[in-house]
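J.: Just dropping this structure here.
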Amino acid sequence: GNVNADIRYDISLDPARETNLFRPLMVQQLAMGTQPSPRLPQWWPKRLELVGQLLAKAYSSMVIFTSLHLGVLFTKTTLDVLPTGELQAITDALTMTIIYFFTAYGTIYWCLRSRHLLAYMEHMNREYRHHSLAGVTFVSSHAAHRMSRNFTVAWIMSCLLGVTFWGVSPLMMGIRMLPLHCWYPFDALAPITYTAVYATQLFGQILVGMTFSFGGSLFVTLSLLLLGQFDVLYCSLKNLDAHAKLLAGESVNALSLLQEELLLGDSTRELNQYALLQEHATDLLRLSAGRKCPGQGNAFHNALVECVRLHRFILHCAQELENLFSPYCLVKSLQITIQLCLLVFVGVSGTREVLRIVNQLQYLGLTVFELLMFTYCGELLSRHSIRSGDA
1 GNVNADIRYD ISLDPARETN LFRPLMVQQL AMGTQPSPRL PQWWPKRLEL
51 VGQLLAKAYS SMVIFTSLHL GVLFTKTTLD VLPTGELQAI TDALTMTIIY
101 FFTAYGTIYW CLRSRHLLAY MEHMNREYRH HSLAGVTFVS SHAAHRMSRN
151 FTVAWIMSCL LGVTFWGVSP LMMGIRMLPL HCWYPFDALA PITYTAVYAT
201 QLFGQILVGM TFSFGGSLFV TLSLLLLGQF DVLYCSLKNL DAHAKLLAGE
251 SVNALSLLQE ELLLGDSTRE LNQYALLQEH ATDLLRLSAG RKCPGQGNAF
301 HNALVECVRL HRFILHCAQE LENLFSPYCL VKSLQITIQL CLLVFVGVSG
351 TREVLRIVNQ LQYLGLTVFE LLMFTYCGEL LSRHSIRSGD A
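Next comes the structure, spelled out in structure tokens:
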């Protein structure tokens with residue numbers, strides 16, 4: 001599992017242990033300002049450590065202020081257009097109000113939980129098992145890490161492209177207007193203020209994409225990693241007898257017969273028995289040399305204890321996942337429900353401008369897919385967690 005991290009069951013199919021499973025998410029945390037007290041890099045001068053911490057707090061404050069002030073401006077816009085009775089203008093303003101207030105909520109929430117989240121990530125980096133117990137077959141959790149990393153990068157880019165397209169649409173059309181139509185207490189199109197206001201709105205749009213993508217990608221990443229750990233547990237339980245025989249010095253020929261039975265036998269082969277990972281044959285010649293223990297029973301007992309420890313680790317991480325996301329998902333579910341109603345209403349009853357339709361479809365697609373991410377991954381994790389007895 002994770003005790004002898006340098007041992008690999010196969011050179012090509014069992015990659016080395018990853019030191020950090022959350023590198024893209026940690027970079028995104030810094031970019032969106034949700035680490036008000038970050039750990040400074042080693043090259044940062046010690047005498048400027050206080051300056052670095054102050055800069056991080058100042059950037060976090062600027063991010064929160066940007067989202068909050070745009071939410072307040074759109075609230076004023078909504079109140080101004082309510083007496084007119086124009087449904088399209090009302091729903092547009094109300095949609096952006098909800099989006100920016102949730103962006104502020106998400107930023108503040110992850111700032112307050114940043115220390116807890118960092119401790120959670122470090123615990124998983126330290127304790128996760130990068131492959132199953134030594135046996136005649138094995139699974140490597142590197143595939144779950146690769147899937148979570150690729151999904152995180154793809155989801156972040158999709159969210160940023162969607163909101164950035166909306167933000168730069170006036171520049172693409174070559175017209176002097178702002179991407180977000182909201183009330184200002186001054187002339188926002190004046191030569192002096194236009195550039196500053198446009199830059200602020202574009203920065204706010206980027207923050208929307210970063211905040212929306214962070215919660216979803218973090219949830220999917222943690223779900224995929226835990227599903228991978230369940231697969232590691234199942235393969236370890238499946239190989240308990242083979243593990244004991246391998247450590248007791250069983251012959252390679254006898255282990256090869258057991259290997260064929262586990263991989264090809266109808267009694268042990270099951271469709272979709274693993275959620276993410278793929279089972280491979282162990283290089284028995286590589287592992288059998290010098291792997292002898294005093295007794296087979298003792299090796300079996302130690303392996304079973306390790307499986308129990310892994311199961312407790314997974315349950316602890318799943319409980320922490322629930323504690324971390326329950327307040328976030330409570331507000332998120334309300335935001336998604338209201339936003340879907342407004343977006344679909346505007347799409348059906350609004351004007352038929354091409355650029356407007358494209359922007360609305362982008363927001364609608366991202367919102368629906370985000371809802372699917374939380375529900376589908378949560379369902380996978382819930383269903384797969386009860387298969388320990390089967391394994």
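Residue 12 in the UniProt record's numbering sits at position 12 of the sequence shown, with consecutive numbering throughout. We put the CB at the ideal spot given by N, CA and C, even for glycine. All values derive from a computational prediction rather than experimental measurement.
#1: In whole angstroms, give me the CA-to-CA distance for S217 and L310.
#2: Locate the alpha helix (DSSP H) running through M32, then write down its first and last residues.
#3: Between the segment 188-202 and the segment 51-60, do three or more beta carbon pairs fall short of 8 Å?
#4: If you reduce the DSSP assignment to three classes, tell me which class F101 lands in.
#5: Pairs of beta-carbons, one from the segment 157-170 and one from the segment 40-52, closer than 8 Å: are there three or more?
#6: Please report how far the alpha carbon of R149 lies from the alpha carbon of R23, in whole angstroms.
#7: Do you know whose CA, among G33, D283, T97, L112, lies nearest F325's CA?
#8: Determine, using beta-carbon pairs with one atom in the segment 139-157 and one in the segment 6-19, whether at least three such pairs fall under 8 Å.
#9: Following the continuous alpha helix (DSSP H) through R115, name the residue where it begins and the one where it ends.
#10: Going along the chain, which residues of its own chain have a beta-carbon closer than 7 Å to the beta-carbon of T367, five neighbours each way excluded?
#11: So, using beta-carbon positions, are M373 and L276 closer together than 9 Å?
#12: So, with DSSP's three-state summary, where would you put A281?
#13: Of all the options L73, G71, D241, P38, which has the alpha carbon lying nearest to the alpha carbon of L54?
#14: To the nearest angstrom, how far is it from the Cα of M124 to the Cα of T103?
#15: Opposite T137 in the DSSP bridges: which residues?
#16: Can you tell me the Cα-Cα spacing of L304 and L237, whole angstroms?
#17: Among F369, L361, S67, E306, which residue has its Cα nearest to the Cα of E127?
T.: Short version:
#1: 24 Å
#2: Run containing M32: none; DSSP gives neither H nor E here.
#3: no
#4: helix
#5: no
#6: 9 Å
#7: L112
#8: yes
#9: 114-127
#10: I336, Q339, L340, L343
#11: no
#12: strand
#13: P38
#14: 27 Å
#15: A281
#16: 8 Å
#17: E306
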